[in-house]
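Residues in the sequence shown are numbered from 61 upward in steps of one, following the working numbering.
For reference, the structure is listed below as structure tokens.
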Amino acid sequence: MTVDVYNMSDADRQTHAVAAAHQASEAVTELLRFSREGADINGSFGDIEVVEKLLDAAKIAIECLTEDENSQRYSSIYADLKHELEFWV
Numbered sequence: 061m062t063v064d065v066y067n068m069s070d071a072d073r074q075t076h077a078v079a080a081a082h083q084a085s086e087a088v089t090e091l092l093r094f095s096r097e098g099a100d101i102n103g104s105f106g107d108i109e110v111v112e113k114l115l116d117a118a119k120i121a122i123e124c125l126t127e128d129e130n131s132q133r134y135s136s137i138y139a140d141l142k143h144e145l146e147f148w149v
């Protein structure tokens with residue numbers, strides 16, 4: 061799905077912010093669990109794809125920015141994140 065980040069409404073940006081927070085909070089929860097308990101039978105982070113969730117949270121957070129909020133500063137990072145996450149489900 062292609063997001064036109066410069067034509068999103070404030071409500072769309074707020075919805076994106078919730079999605080970014082959700083992805084980041086799942087990753088943080090698993091990182092904290094790992095720091096307390098260590099790896100589980102499924103590996104360091106169990107069934108949670110921590111790195112992908114954090115990358116997705118960063119991508120979505122960039123999508124929340126408006127054009128006048130220095131969003132161009134993140135354009136190359138955004139492209140890299142989209143490419144990296146392209147096949148992650």
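Yeah, the Cβ is synthetic: ideal placement off N, Cα and C, and Gly gets one too.
Just tell me which of the options has its CA closest to the CA of residue i.
i	options	result
V88	Y138, S69, N102 and L115	L115
A84	I101, F105 and K113	K113
V110	T75, I120, I101 and L91	L91
I108	H82, K119 and I122	H82
E86	I101, F105 and T75	F105
A117	S69, R73, A79 and W148	A79
Measure the CB-CB distance between residue i and residue j and report whether it falls below 8 angstroms.
i	j	result
A71	C124	no
I120	Y138	no
What is the residue span of the alpha helix (DSSP H) that residue i lies within?
i	result
Q74	D70 to E97
L141	S135 to L145
Are the stretch 118–137 and the stretch 91–102 touching, with three or more C-beta to C-beta distances below 8 angstroms? With a cut-off of 8 angstroms, the stretch 91–102 and the stretch 118–137 do not count as touching, because too few Cβ pairs lie within range.
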